[in-house]
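First comes the structure, then the notes that go with it.
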Amino acid sequence: MELVHSGKVRELYADGDDLIMVASDRVSVYDVVLPTPIPGKGRILTQLSLWWFGQLSGVIPNHVISGTDVPSQWEGRAIRCRRLRMLPVECIARGYLAGLGLASYRETGAISGVRLPPGLGEGSRLPEPVFTPTTKAAAGHDEPMSYGEVEALVGGSVAAELRRATLEVYRRGVELAARRGIIIADTKLEFGLAGDGTVMLADEVLTPDSSRFWPASEWTPGRPQPSLDKQFLRDWSAGLDWDRRPPGPAIPDDVVAATQARYQELYARLTGREGAADRPRGRG
Ligand code: PZK
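FYI, in this note's numbering the residues of the sequence shown are 146 to 429.
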C-alpha cells in the first residue's frame with residue numbers, strides 16, 4: 146500500500162479510494178518520540194477511537210468505514226476510512242486551562258477572543274467550554290485563530306458546524322468520562338468534507354494522544370496536573386540527564402509496564418470493556 150502520511154506515532158496508507166490509518170506503539174514525551182514502544186498502545190488508542198466514533202455518531206457523521214476490514218498485519222490497530230477533503234483548521238475545545246490556552250490567558254486574560262474571569266490558574270476549570278481553533282502548520286507550531294478567521298477560511302456555514310460539533314463532542318466526552326472519574330481538559334479534532342459537502346469527523350477522537358486526560362481524584366488547580374497516561378514517563382524522564390531534545394532515552398521495563406497498565410486502565414474505565422488487547426472490534 147502507498148504511504149501517504151507519516152506522523153510521529155501513526156501512518157496513513159492509501160487503499161484504492163480508501164485510506165487506512167495505522168496506529169503504532171510509539172510514544173512521545175515532550176514532543177519527542179522515544180526509541181522504546183509501549184506494547185498494545187496502538188491497539189488501545191485505535192479501539193478507543195472506534196468506540197468514541199460509535200458513541201458520537203448522532204452528533205456528527207465520521208470517516209470510519211471499518212475497524213476490521215484492514216490488512217491482517219495491522220488488525221486491531223488500523224481503521225479503514227473514507228478519503229475526505231480535510232479542512233485546514235485544528236478544532237480544539239477547552240474546558241480547563243492548560244497548554245496554549247493557559248499561555249494565552251496569562252498574556253491577555255482571554256482565549257480565542259473569549260474573555261475569562263480573573264484569578265484562574267493552571268488546571269482551573271473554565272466557566273464553560275471554549276472553541277479555540279488553530280491553524281494546521283505543515284511545520285513548526287500551530288497559531289491561534291479567531292472564529293472570524295475560521296469563517297473566512299472555510300465559509301460561515303462550515304465554520305458554524307465545526308464549532309457546534311467540536312463543542313458537542315467535547316461536552317459528551319466530558320460527561321461520560323466524569324462518571325468514570327476522568328477529566329478531559331481539552332481535545333483536538335479534525336474534520337473533512339465528503340464529496341457532497343457533508344462535514345465529517347475524521348482522524349482520531351478523544352484519545353490520550355489528542356486530548357488531556359487527568360485523574361479527577363488528583364485534580365488540584367494551581368499546578369500542572371498529572372496526565373493519566375504519561376505521568377510515569379514524565380516523572381521518570383524528569384529524573385534523567387536529558388535535555389528533552391531528540392534522540393529520547395530508552396524506557397526501562399518497569400516504566401513500560403506501568404505506562405502500558407495506564408493505557409489499559411484508561412480504556413477499561415471509559416468503555417467499560419476489559420481490554421482492547423484480545424478482541425479487536427469495529428463497526429464494519
Ligand atoms: C488525513 N491526516 C492526519 C497524519 C496519520 C494521520 N479521512 C481522511 N481523508 C483524507 N485525509 C486524512 C483523513 C483522515 N483522518 C489525516 N492527514 C490526512 C494524519 C499522519 C498520520 F495517521
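Glycine residues also receive a C-beta, built at the ideal position from the N, C-alpha and C atoms.
Exercise. How is the alpha helix (DSSP H) around T311 delimited, first residue to last?
Worked result: Sequence index remark: in the sequence shown, residue 311 carries index 166 (1-based). Where T311 is concerned, the enclosing alpha helix (DSSP H) stretches over 301 to 323.
For this session: Pair every Cβ in the stretch 150 to 166 with every Cβ in the stretch 311 to 330, then say whether three or more of these pairs are closer than 8 angstroms.
Result: no
Exercise. Along the chain, where does the beta strand (DSSP E) that runs through E273 open and close?
Worked result: Along the sequence shown, one-based indexing puts residue 273 at 128. Per DSSP, E273 belongs to the beta strand (DSSP E) from 270 to 276.
For this session: Can you grab the Cα-Cα spacing for the pair R308 / T181, in whole Å?
Result: Within the sequence shown, residue 308 is the residue found at index 163, counting from 1. Within the sequence shown, residue 181 is the residue found at index 36, counting from 1. Going from the Cα of R308 to the Cα of T181 covers about 37 angstroms.
Exercise. What is the rounded straight-line gap between the Cα of G337 and the Cα of R325?
Worked result: Within the sequence shown, the letter at position 192 stands for residue 337. Within the sequence shown, the letter at position 180 stands for residue 325. Each residue's Cα considered, the two are about 31 angstroms apart.
Exercise. Got a sec: does the ligand PZK put a non-hydrogen atom nearer than 7 angstroms to the Cβ of Y222?
Worked result: The sequence position of residue 222 within the sequence shown is 77, counting from 1. The displayed chain sequence assigns Arg, not Tyr, to residue 222. For the ligand PZK, not one heavy atom lies less than 7 angstroms from the Cβ of R222.
Problem set entry | Contact set, the ligand PZK heavy atom to C-beta under 5 angstroms | H150, G152, R155, L157, M166, H208, C226, R228, L229, M231, A347, D348
For this session: Could you tell me if G429 is buried or exposed, where buried requires 16 or more neighbouring beta carbons within 10 angstroms of its beta carbon?
Result: As a first step, residue 429 is located in the sequence shown; it is residue number 284 there, counting from the start. Because the pLDDT at G429 is just 41, under 50, the model does not fix this residue reliably, and the point stays unresolved.
Exercise. For H208, which option in D214, F198, S217 has the closest C-alpha, if you only look at C-alpha atoms?
Worked result: Within the sequence shown, residue 208 is the residue found at index 63, counting from 1. Ranking the options by Cα distance to H208, first place goes to F198.
Exercise. Hey, how far is the Cα of L378 from the Cα of V400?
Worked result: By 1-based counting over the sequence shown, the position of residue 378 is 233. By 1-based counting over the sequence shown, the position of residue 400 is 255. Distance between the alpha carbons of L378 and V400 is about 7 angstroms.
For this session: Please name the residue or residues paired with I328 in a DSSP beta bridge.
Result: Translated into positions along the sequence shown, residue 328 becomes position 183. In DSSP, I328 forms a bridge with W359.
Exercise. Taking just the CA atoms, how far does L190 sit from A421?
Worked result: For the purposes of this step, residue 421 is taken as residue 276 along the sequence shown, with counting starting at 1. For the purposes of this step, residue 190 is taken as residue 45 along the sequence shown, with counting starting at 1. The straight-line gap from Cα to Cα measures roughly 9 angstroms.
Problem set entry | Start and end residues, beta strand (DSSP E) containing E419 | Numbered from 1 along the sequence shown, position 274 holds the residue referred to as residue 419. Per DSSP, E419 belongs to no beta strand (DSSP E) and is neither H nor E.
Problem set entry | Distance CB(R225)-CB(S202) smaller than 8 angstroms | Position 80 of the sequence shown, counting from 1, holds the residue named residue 225. Position 57 of the sequence shown, counting from 1, holds the residue named residue 202. Taking 8 angstroms as the Cβ cut-off, R225 and S202 do not qualify as a contacting pair.
Exercise. With which residues is M166 paired in a DSSP beta bridge?
Worked result: Numbered from its first residue, the sequence shown carries residue 166 at position 21. Answer is L157, I224, bridged to M166.
Problem set entry | Where G393 falls, given that 16 or more other Cβ within 10 Å makes a residue buried | On the sequence shown, position 248 is the one that residue 393 refers to. Classification of G393: buried, given that the 10 Å Cβ count is 16 or more.
For this session: Using the Cα positions of W364 and D354, report the straight-line distance between them to the nearest angstrom.
Result: Along the sequence shown, one-based indexing puts residue 364 at 219. Along the sequence shown, one-based indexing puts residue 354 at 209. Spanning the two alpha carbons is a distance of roughly 20 angstroms.
For this session: Just tell me which of E267, M231, T404 has its CA closest to the CA of V172.
Result: Numbered from its first residue, the sequence shown carries residue 172 at position 27. The shortest C-alpha separation from V172 is found at T404.
Exercise. Does the distance from the C-beta atom of R155 to that of V174 stay below 8 angstroms?
Worked result: As a first step, residue 155 must be located in the sequence shown, where it is residue number 10. As a first step, residue 174 must be located in the sequence shown, where it is residue number 29. For R155 and V174, no; Cβs fall outside 8 angstroms.
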